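A.B. asks: Counted from 1, the first sequence has number 198 at position 199 by numbering that gives the first Met the number 0; the numbering is strictly sequential. Virtual Cβ for every residue (Gly too), placed ideally from N, Cα, C. Because the structure is a prediction, the values reported are computed rather than measured.
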Amino acid sequence: MKIATWNVNSLRARADRVEAWLDRSDVDVLAIQETKCKDNNFPWDLFENSGYEVAHFGLSQWNGVAIASRVGLDDVERTFPGQPTFGKDTDPVQEARAIGATCGGVRIWSLYVPNGRALGDPHMPYKLHWLDVLKEHAVEWLQADPHAQIALTGDWNIAPQDEDVWDIDLFQREGYTHVSPPERAAFHAFENSGFTDVVRPHTPGPGVYTYWDYKQLSFPKKMGMRIDFALASPALAARVTGASIDREERKGKGASDHAPVIVELA
DNA sequence: ATGCCCGAGCGACTCGGA
Numbered sequence: 000m001k002i003a004t005w006n007v008n009s010l011r012a013r014a015d016r017v018e019a020w021l022d023r024s025d026v027d028v029l030a031i032q033e034t035k036c037k038d039n040n041f042p043w044d045l046f047e048n049s050g051y052e053v054a055h056f057g058l059s060q061w062n063g064v065a066i067a068s069r070v071g072l073d074d075v076e077r078t079f080p081g082q083p084t085f086g087k088d089t090d091p092v093q094e095a096r097a098i099g100a101t102c103g104g105v106r107i108w109s110l111y112v113p114n115g116r117a118l119g120d121p122h123m124p125y126k127l128h129w130l131d132v133l134k135e136h137a138v139e140w141l142q143a144d145p146h147a148q149i150a151l152t153g154d155w156n157i158a159p160q161d162e163d164v165w166d167i168d169l170f171q172r173e174g175y176t177h178v179s180p181p182e183r184a185a186f187h188a189f190e191n192s193g194f195t196d197v198v199r200p201h202t203p204g205p206g207v208y209t210y211w212d213y214k215q216l217s218f219p220k221k222m223g224m225r226i227d228f229a230l231a232s233p234a235l236a237a238r239v240t241g242a243s244i245d246r247e248e249r250k251g252k253g254a255s256d257h258a259p260v261i262v263e264l265a
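Next comes the structure, spelled out in structure tokens:
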């Protein structure tokens, strides 16, 4: 079985590439982030034509997450329990950033972790709280069933290690997000709770990334970030036989700024 | 060549991304 996660940065703008990628990648499950649409303009046919069931959670042109599967798609959950809201003053909104489904015996979560925007911005405590609540649930899921096969996949908007950005000195000097100690602590809290990054051992750095900005020739200049991850529960991690980052998909006209991340299971 | 930002909604500009 092969599962993948990919921030497509608009599913409609990327429809042809996503369909072609599904056809050649041979994945059984694809967790998608940033569909950037509501159900009424979601490209349902794309997945049906490729032989996948799909569940989508999209509330506006922002965010949006989905799971496509050809090994079953059961018990779909939109948002995790108690998922924090964000809103200016009086109108907090629960954003479309998490969808879960059971596919071929694996509980898959497609996660689009909030962007903190800047250290000191209100979005940063929102991001950290969002991750903390998710982590508390992840701990409960494991306590309820230590043998559960759970995959927390998606765009985490965190670079956990110095080698996960092209120039750590620049990031720290300028006080950029993604590398700050609180963000990294939020990520490591999942690892301390028993969830393992199952991709890094098969794709060691430095210089291995999943995201490259569209601007300033970032991709050809190898100015990227590793911010998309698949974290696996112990029972799932034990099944992992390989993993890869499909940086070929970042090439050419009409590419997403993120590359797909693939995990192979025995 | 992988090549100097892109997508969505609105309405011809603004916001969000990281």
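#1: On the CB-based measure, 16 or more other CB atoms within 10 Å of its CB, does residue 86 come out buried or exposed?
#2: From residue 11 to residue 34, what distance separates their C-alpha atoms?
#3: Just reading off the beta strand (DSSP E) that residue 32 is part of, what are its end residues?
#4: Considering Cα atoms alone, identify which of 91, 79, 112 and 92 is closest to residue 99.
#5: Tell me whether the stretch 173-180 and the stretch 110-120 touch, counting them as touching only if at least three CB pairs, one residue from each stretch, are closer than 8 Å.
#6: Just to confirm the assignment, what range does the beta strand (DSSP E) spanning residue 77 have?
#7: According to DSSP, is residue 58 part of a helix, a strand, or is it coil?
#8: What is the rounded straight-line gap between the Cα of residue 63 and the Cα of residue 16?
#9: Drop a sphere of 10 angstroms on the beta-carbon of residue 196, count the other beta-carbons inside from all chains shown, and report buried for 16 or more, exposed for fewer.
#10: If you count every other CB in all the chains shown that lies within 10 Å of the CB of residue 151, and 16 or more means buried, which is it?
#11: So, are the CB atoms of residue 24 and residue 54 less than 8 Å apart?
#12: Give the secondary structure of residue 175 by DSSP, where H, G and I count as helix, E and B as strand, and everything else as coil.
C.D. replies: Reading it off the structure:
#1: Mapped onto the first sequence, residue 86 falls at position 87. Flag for residue 86 reads exposed.
#2: Within the first sequence, residue 11 is the residue found at index 12, counting from 1. Within the first sequence, residue 34 is the residue found at index 35, counting from 1. The alpha-carbon atoms of residue 11 and residue 34 are separated by roughly 8 Å.
#3: What you label residue 32 is simply residue 33 of the first sequence in a count that begins at 1. Run containing residue 32: 28-32, per the beta strand (DSSP E) assignment.
#4: Taking the first residue of the first sequence as 1, we reach residue 99 at position 100. Ranking the options by Cα distance to residue 99, first place goes to 79.
#5: yes
#6: Here residue 77 refers to the residue found at position 78 when the first sequence is read from its first residue. Start and end: 73-77.
#7: Numbered from 1 along the first sequence, position 59 holds the residue referred to as residue 58. In this structure, residue 58 counts as coil in the three-state DSSP scheme.
#8: Walking along the first sequence from the start, residue 63 turns up at place 64. Walking along the first sequence from the start, residue 16 turns up at place 17. When rounded, the distance between both Cα atoms is 18 Å.
#9: Locating residue 196 in the first sequence gives position 197, counting from the first residue. Label assigned to residue 196: buried.
#10: Position 152 of the first sequence, counting from 1, holds the residue named residue 151. When all chains shown are included, residue 151 counts as buried.
#11: Locating residue 24 in the first sequence gives position 25, counting from the first residue. Locating residue 54 in the first sequence gives position 55, counting from the first residue. No, the Cβ-Cβ distance between residue 24 and residue 54 is not below 8 Å.
#12: On the first sequence, residue 175 is found 176 positions in, with the first residue counted as 1. Reduced to three states, the DSSP call for residue 175 is coil.
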